[in-house]
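**Student:** Can you keep this structure in mind? I'll have questions shortly.
There are 2 protein chains.
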Amino acid sequence: MPVLVMKFGGTSVADLSKIANAAAKVQREVDRGYDVIVIVSAMSGKTNELVKWVGETSPLYDAREYDAVVSSGENVTAGLMALRLQEMGVPARSWQGWQVPIQTTSAHGSARFIDIPRANIDQKFAEGMKVAVVAGFQGVSPECRITTLGRGGSDTTAVAFAAAFDAVRCDIYTDVDGVYTTDPRIVKKARKLDKIAFEEMLELASLGAKVLQTRSVELAMRYKVRLRVLSSFEECDETSGTLVCDEEEIMESKAVAGVAYSRDEAKVTLFTIEDRPGIAAAIFGPLADAGVNVDMIVQNISEKDYDDAHPGAVTDMTFSCPIDQVPRARKAMEDAKAAGLINYDDLIIDDDVAKISVVGIGMRSHAGVAAKMFEALSAERINIKVITTSEIKISVLIDRKYMELAVQALHDAFGLDKA
Amino acid sequence: MPVLVMKFGGTSVADLSKIANAAAKVQREVDRGYDVIVIVSAMSGKTNELVKWVGETSPLYDAREYDAVVSSGENVTAGLMALRLQEMGVPARSWQGWQVPIQTTSAHGSARFIDIPRANIDQKFAEGMKVAVVAGFQGVSPECRITTLGRGGSDTTAVAFAAAFDAVRCDIYTDVDGVYTTDPRIVKKARKLDKIAFEEMLELASLGAKVLQTRSVELAMRYKVRLRVLSSFEECDETSGTLVCDEEEIMESKAVAGVAYSRDEAKVTLFTIEDRPGIAAAIFGPLADAGVNVDMIVQNISEKDYDDAHPGAVTDMTFSCPIDQVPRARKAMEDAKAAGLINYDDLIIDDDVAKISVVGIGMRSHAGVAAKMFEALSAERINIKVITTSEIKISVLIDRKYMELAVQALHDAFGLDKA
């Protein structure tokens, strides 16, 4: 039998009636002739409650015990889902991570898969079981301790099972009905995409279109697992939702697939630093050590190219990071300066910025995407503060007050409302 | 190091502050030089919630999935307890049933222990771990499925670990401070017993002094595990609570250790049945098949010894059972009569009775206990409806309205308020 993997997130199994609703979707796929592997999250809110208890019991907790506690929510949902399916006449059983066994590294709280042996589940399929309900987000370490994969880990579990079982597809049921050209709350004409390439999804996911966990998309790309995002709360057929797939499956791609934004950005500029080999490492090393996720980096020629106080060549360095990491970034820079590792005249923080990105694999073959983007922003008199580009993405920092205007202007400029 | 087993029930780990309170008691025993095995229940209310969800999802549930779901509460408590102990500087880790592994039969929902291998936990003790926190109530079947032991199973887990690890004692922390000569709500002068023999505890437990699960006492008696019942919510020392032990440890025993009662009894009488070999089996076979827990049985000579309608010898048969099983008992008897298996003139139910029992291993050597009991009841003009006796117990059925009076009278008559 062909195997289909279906994953239901916390809001899709939030209570018994939602579990029943999800089970009905599973039954439909069994009726279509699939052997189904269902990956379930904990009922929404349950994992947060457990995390809170752990934090209150032990602020600097032992991650092994954290994992033992927080993994329990998924076990409950897996059992209830199996029971519901049985009640509907569908042969099903639940599997906890150690029963499969889902073998992971010992990196508790953020474990990585080592292997997902098929034998136990395959044997049950051979005996007539139609659905294996697997607790997501968890595994077991070589030391026989329970591990968890970190937040959003159930998406990753689903993709890993789809890869291990050569599934025809991995359907991720969630509370949205697919991936959109941009946030429909900002742009009314935002359009659901039928298909999107892995690379595009990766850029969109990390930029704020929080539909799929980045790591699960990376894994799907590596193993060429066809991923589908669709809604738990709507009637679905084989063409519902958005298919995240290899770009070869996408016949003809527009230059731009979507417009992403991030509201919580800050821009940090170090003025008048030495322009010498190793200066970038001297700045970004301490930032990395302090856990600052630096995103965009721009280095430009300082006006004070030479002067008496600074006999060598000097420059300015600008980077962006999440706004809540600004205090850490400032402290890391001040400490580095105090330790004599770097020198700068001034450190200026602009925490009133937003990042806008256009993403599309079509950029590789379409010329003039950047020019069109800058023109569209210019037409709205929006000043660009920082620009970075990659092969399939162009990002700019702008004043936050123009964020929505910019997203709308770019969505229009690239004709994203039209199929 | 000597090993001590400590068990905390649901009310003793009901929230984080209660878990911290329990952990403090564990730390004290570690400070005294013990390697400690802690058995924990689920936070009170959690298991009931899970049981409700299972029942609502699937009324005739698959017991394997039931076990997978309802065992999760103990896993949460075990992890939180280990974290709390670590936070206090005590080397501790949690163990789920399959990690030990606690090997049980496949009788899901009421599994029996097969083996509790010591190797894994002993190795950790050898490496310096001081406390193994084990999730109670659960195990793993030969098929690698999670099993549960049934209600009160955590007491049984604790005793089984005490036996497997040759523990010096098994301390059961609960919400009462020990075993009393009778219910203190009825008799103000009820006195906490320092020691009680296993056999006495078994009779008292099954009669309504719901402190310890019967099965755990049976297991303790078989393996001579010294059991101590004490309060989670009071300061305790080595002599607190009540020690349940072999009768050889009890230097001098009174004739009667305690007075038990059961309010929820009913008396069923079948009038004018044939007095022939096999008649008892014909009555009590169908009752057993119907799941009626028959307790006391009395057969007496009928007044209608011979008459025309009943040419053979006839008698009456009286038995008692829990009041909520009366409808089943009545149906079983009526069905048996309709099927021609038995015959009777009348079936009379008296559901306004209570059972009072005096229990004590000293009865074996003290004469006149029954006479003293009947005199005490007679002095209060309480009529006795049924009497049964065993080696260490005498039970009577009386009108329910006299129940409290009878308990008080017997407590006084046997001097139980005096040490």
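Chains as they are written, first to last, in the numbering used here: chain A, 3 to 421; chain B, 3 to 421.
We put the beta carbon where it would ideally sit given N, CA and C, even for glycine.
Determine the direct distance from the alpha carbon of Leu151 (chain A) to that of Ser46 (chain A), and round the result to whole angstroms.
**Tutor:** For Ser46 (chain A) and Leu151 (chain A), the distance between alpha carbons rounds to 17 angstroms.
**Student:** Can you tell me whether Cys146 (chain A) is buried or exposed, with buried defined as 16 or more other CB within 10 angstroms of its CB?
**Tutor:** So Cys146 (chain A) ends up on the exposed side.
**Student:** So that I know if they touch, is there some Cβ in chain B lying closer than 8 angstroms to that of Gly111 (chain A)?
**Tutor:** Output row for Gly111 (chain A): interface = no.
**Student:** Step through the CB atoms of chain B and report whether any lies within less than 8 angstroms of the CB of Asp185 (chain A).
**Tutor:** For Asp185 (chain A), the answer is no, since every Cβ of chain B falls outside 8 angstroms of its Cβ.
**Student:** Keeping to the same chain, check which residues put their C-beta closer than 7 angstroms to that of Ala25 (chain A); ignore five residues upstream and five downstream.
**Tutor:** Hits under 7 angstroms: Met83, Arg86, Leu87 and Met90.
**Student:** At a CB-CB cut-off below 8 angstroms, which residues of chain B make contact with Ser380 (chain A)?
**Tutor:** Correct list: empty, because the minimum Cβ distance to chain B is about 56 angstroms.
**Student:** Considering Cα atoms alone, identify which of B:Glu76, B:Arg66 and B:Val213 is closest to Lys48 (chain B).
**Tutor:** Per the Cα distances, B:Glu76.
**Student:** Counting contacts by CB-CB distance shorter than 8 angstroms, is Asn50 (chain B) in contact with chain A?
**Tutor:** It does not; no Cβ of chain A falls within 8 angstroms.
**Student:** In whole angstroms, give me the CA-to-CA distance for Arg217 (chain A) and Asp173 (chain A).
**Tutor:** Straight-line Cα distance between these residues: approximately 16 angstroms.
**Student:** In chain B, what lies closer than 8 angstroms to Ser60 (chain A) by C-beta?
**Tutor:** Those within 8 angstroms of Ser60 (chain A) in chain B are Leu85, Arg86, Gln88 and Glu89.
**Student:** Since Leu18 (chain A) meets chain B, which of its residues come closer than 9 angstroms, beta carbon to beta carbon?
**Tutor:** Neighbours of Leu18 (chain A) on chain B, chain order: Trp55, Glu58 and Thr59.
**Student:** Three-state secondary structure (DSSP) at Ile21 (chain A)?
**Tutor:** Note: Ile21 (chain A) maps to helix in three-state DSSP.
**Student:** Apart from the five residues just before and just after Val398 (chain B), which ones in its own chain have a Cβ nearer than 6 angstroms to its Cβ?
**Tutor:** If we look at Val398 (chain B) and ignore the five residues flanking it on each side, its Cβ neighbours are Ile358, Ile386 and Ile389.
**Student:** For Thr391 (chain B) and Thr320 (chain B), which I take to be in contact (beta-carbon distance under 8 angstroms), what is that distance rounded to the nearest angstrom?
**Tutor:** Actually they do not touch by this definition, with Cβ atoms about 15 angstroms apart.
**Student:** Assuming Ala222 (chain B) contacts Val213 (chain B) (C-beta within less than 8 angstroms), just tell me the rounded distance between them.
**Tutor:** At roughly 13 angstroms, the Cβ-Cβ gap does not stay under 8 angstroms, so Ala222 (chain B) and Val213 (chain B) are not in contact.
**Student:** Leaving out five residues on either side along the sequence, give the residues of the same chain with a beta carbon under 6 angstroms from the beta carbon of Asp196 (chain A).
**Tutor:** Excluding sequence neighbours, Asp196 (chain A) sits near nothing in its chain.
**Student:** Can you grab the Cα-Cα spacing for the pair Ser234 (chain A) / Ser156 (chain A), in whole Å?
**Tutor:** Their backbone Cα atoms lie some 16 angstroms apart in a straight line.
**Student:** Listing by chain order, which chain B residues have their CB less than 7 angstroms from the CB of Val213 (chain A)?
**Tutor:** Simply none; closest approach about 29 angstroms.
**Student:** Excluding five sequence neighbours on each side, which residues of the same chain lie with their C-beta closer than 8 angstroms to the C-beta of Gly417 (chain A)?
**Tutor:** Around Gly417 (chain A): Lys256.
**Student:** At the level of alpha carbons, what is the spacing between Arg228 (chain B) and Ala165 (chain B)?
**Tutor:** So the alpha carbons of these two residues sit roughly 10 angstroms apart.
**Student:** Tell me which residues of the segment 30–51 of chain B have at least one Cβ-Cβ distance to chain A shorter than 7 angstroms, keeping chain order.
**Tutor:** Listed by position along the chain: nothing, the set is empty.
**Student:** Answer yes or no: does any C-beta atom of chain A fall closer than 8 angstroms to that of Glu1 (chain B)?
**Tutor:** Not covered by the structure: residue 1 (chain B). The range shown for chain B is 3 to 421.
**Student:** Assuming Asp69 (chain B) contacts Ile148 (chain B) (C-beta within less than 8 angstroms), just tell me the rounded distance between them.
**Tutor:** At roughly 5 angstroms, the Cβ-Cβ gap stays under 8 angstroms, so Asp69 (chain B) and Ile148 (chain B) are in contact.
**Student:** Pop quiz: Ala423 (chain B) and Gln98 (chain B) are said to be a contact at Cβ under 8 angstroms. What is the actual Cβ separation, rounded to whole angstroms?
**Tutor:** Given that chain B is displayed from residue 3 to residue 421, the structure contains no residue 423 (chain B) and the question cannot be resolved.
**Student:** Taking Ile325 (chain B) and Ala408 (chain B) to be in contact with their CB atoms under 8 angstroms, please state how far apart those CB atoms are, rounded to whole angstroms.
**Tutor:** Not really, about 18 angstroms apart at Cβ, beyond 8 angstroms.
**Student:** Would you call the segment 180–194 of chain A and the segment 246–260 of chain A touching, i.e. three or more CB-CB distances under 8 angstroms?
**Tutor:** With a cut-off of 8 angstroms, the segment 246–260 of chain A and the segment 180–194 of chain A count as touching, because enough Cβ pairs lie within range.
**Student:** Relative to the C-alpha of Arg114 (chain B), which candidate in B:Gln125, B:Ala128, B:Gly141 and B:Ser264 has its C-alpha closest?
**Tutor:** Among B:Gln125, B:Ala128, B:Gly141 and B:Ser264, the Cα nearest to that of Arg114 (chain B) belongs to B:Gly141.
**Student:** Could you confirm whether any beta carbon from chain B is found closer than 8 angstroms to the beta carbon of Asp64 (chain A)?
**Tutor:** So, interface residue.
**Student:** Distance check for Gly293 (chain B) and Glu220 (chain B), CA to CA, integer angstroms please.
**Tutor:** Approximately 22 angstroms, taken between the alpha carbons.
**Student:** Quickly, what does DSSP pair Phe273 (chain B) with across the bridge? List them, please.
**Tutor:** B:Asp348, per the DSSP bridge assignment.
**Student:** Applying the criterion that 16 or more other CB atoms from any shown protein chain within 10 Å of the CB defines a buried residue, is Pro186 (chain A) buried or exposed?
**Tutor:** Under this definition Pro186 (chain A) is an exposed residue.
**Student:** List, in chain order, every chain B residue whose beta-carbon is nearer than 7 angstroms to that of Cys146 (chain A).
**Tutor:** Here the neighbours are Gln101.
**Student:** Evaluate Ala356 (chain A) with the Cβ neighbour count: other Cβ atoms within 10 Å of its Cβ, from every protein chain shown; 16 or more gives buried, anything less gives exposed.
**Tutor:** Per the 10 Å Cβ criterion, buried.
**Student:** Per DSSP, Tyr263 (chain A) is paired with what?
**Tutor:** Paired residues: A:Ile358.
**Student:** Please report the straight-line C-alpha distance between Arg265 (chain A) and Arg330 (chain A), rounded to a whole angstrom.
**Tutor:** If you take the alpha carbons of Arg265 (chain A) and Arg330 (chain A), they lie about 19 angstroms apart.
**Student:** Is it true that the segment 331–349 of chain A meets the segment 372–384 of chain A, where meeting means three or more beta-carbon pairs spaced less than 8 angstroms apart?
**Tutor:** The answer is no - the segment 372–384 of chain A does not touch the segment 331–349 of chain A, with fewer than three Cβ pairs under 8 angstroms.
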